[in-house]
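Q: One structure, as structure tokens, below. Some questions next.
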Amino acid sequence: MTAPPGSGGDADLAYQARILQAVSRTYALTIPALPERLRPVVSNAYLLCRIADTIEDEPRLSLARKKVFWERLVEVLSGRQDAAAFARDLAAALSPATPVPERELAGGASRILRVTAHLRAPERAAIERCIRLMSGGMAEFQREPGAAGPPGSVGLKDLGQLDRYCYFVAGVVGEMLVEFFCNYSGEIDRRREGLMALAASHAQGLQMANILKDLWDDWQDGACWLPRDV
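When the letters of the sequence shown are read in order and numbered with the working numbering, they come out as residues 869 to 1098.
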């Protein structure tokens, strides 16, 4: 596929498409249904979120080191750090416990970030906001290795904390997607206010479904994301 204007080089786009197939199931199936101009944008955003998630899940990293990598990712997106150095350091920090596709994604992060750098300004701004909020939220709800799950004790404190957690890991993605779609279509943009009002709650609902689906797997890993007051 020839690179659309403002989307990055052909080689980086080809890498992005290939690694998406390796690390995703649902997104790899649904992104091709989008209009052509949106495909590289949504793919890029998903993979950057996946990098943030890979940092969160790496058992060898202390909470302090995870925070450093999240901060560096945000700084790379804002142009204040070198993407190649970030990718090299992150790939070296990951253990065999992280699946091979995620380790490959970390090593190729500079290629994903080159695509980001060539996106339109509103798209870059939406991605940077999403990753900044997501990374900050992950840091808030993360515990040290060996103490898996949300801080404090098993389970989240209450429904309010569950809502906050789901906003950081899913709601911000819904808001970012609305920004993409409104930037793509004037007709969609005319409904921006209503769509944005629904974006976070819709995404949070999907995240809650994932929490229930993965309940027993998370429990075996020592984690529980259900509120203790329910």
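Using N, Cα and C, we set each Cβ at its ideal position, and we do this for glycine too.
Just how far apart, CA to CA, sit Glu991 and Gly1004?
A: As a position in the sequence shown, residue 991 is number 123, starting the count at 1. As a position in the sequence shown, residue 1004 is number 136, starting the count at 1. Distance between the alpha carbons of Glu991 and Gly1004: 20 Å.
Q: In the DSSP assignment, find the alpha helix (DSSP H) that holds Thr898 and state where it starts and stops.
A: Taking the first residue of the sequence shown as position 1, residue 898 is located at position 30. Looking at the DSSP string, the run of the alpha helix (DSSP H) that includes Thr898 is 894-898.
Q: Please list the terminal residues of the continuous alpha helix (DSSP H) segment that includes Ser963.
A: Numbered from its first residue, the sequence shown carries residue 963 at position 95. Segment: none, Ser963 is in no alpha helix (DSSP H) and carries neither H nor E.
Q: State yes or no: is the C-beta of Ala1100 within less than 9 Å of the C-beta of Ala961?
A: One cannot answer for residue 1100 here, as it falls past the ends of the chain, which runs 869 to 1098.
Q: Note down, in chain order, each residue of its chain lying with its Cβ closer than 6 Å to the Cβ of Val983, except the 5 sequence neighbours on either side.
A: Numbered from its first residue, the sequence shown carries residue 983 at position 115. Excluding sequence neighbours, Val983 sits near Gly876, Asp880, Gln884, Asn912.
Q: Considering Cα atoms alone, identify which of Asp1031, Ile899, Asn1078, Cys917 is closest to Arg997.
A: Indexing the sequence shown from 1 puts residue 997 at position 129. Nearest option by C-alpha distance: Cys917.
Q: Which runs of the alpha helix (DSSP H) fall wholly inside the region 1003-1076 and span at least 4 residues, in chain order?
A: 1027-1034, 1040-1052, 1054-1057
Q: In three-state terms, what does DSSP make of Pro908?
A: Locating residue 908 in the sequence shown gives position 40, where the first residue counts as 1. The answer is helix: DSSP assigns Pro908 an H, G or I state.
Q: Can you have a look at Ala965 and say buried or exposed, based on whether 16 or more other CB atoms are within 10 angstroms of its CB?
A: Here residue 965 refers to the residue found at position 97 of the sequence shown. Looking at its Cβ environment, which holds fewer than 16 other Cβ atoms inside 10 Å, Ala965 is exposed.
Q: The alpha helix (DSSP H) with Ala879 in it runs from where to where?
A: Locating residue 879 in the sequence shown gives position 11, where the first residue counts as 1. Per DSSP, the unbroken alpha helix (DSSP H) holding Ala879 starts and ends at 878-891.
Q: List the DSSP bridge partners of Pro838.
A: Outside the shown range of the chain (869 to 1098) lies residue 838, about which nothing can therefore be said.
Q: To which residues of the same chain is Ala1067 closer than 6 Å at the C-beta, ignoring the five residues directly before and after it?
A: Sequence index remark: in the sequence shown, residue 1067 carries index 199 (1-based). Taken in chain order, the residues that qualify are Gly1042, Glu1043, Val1046.
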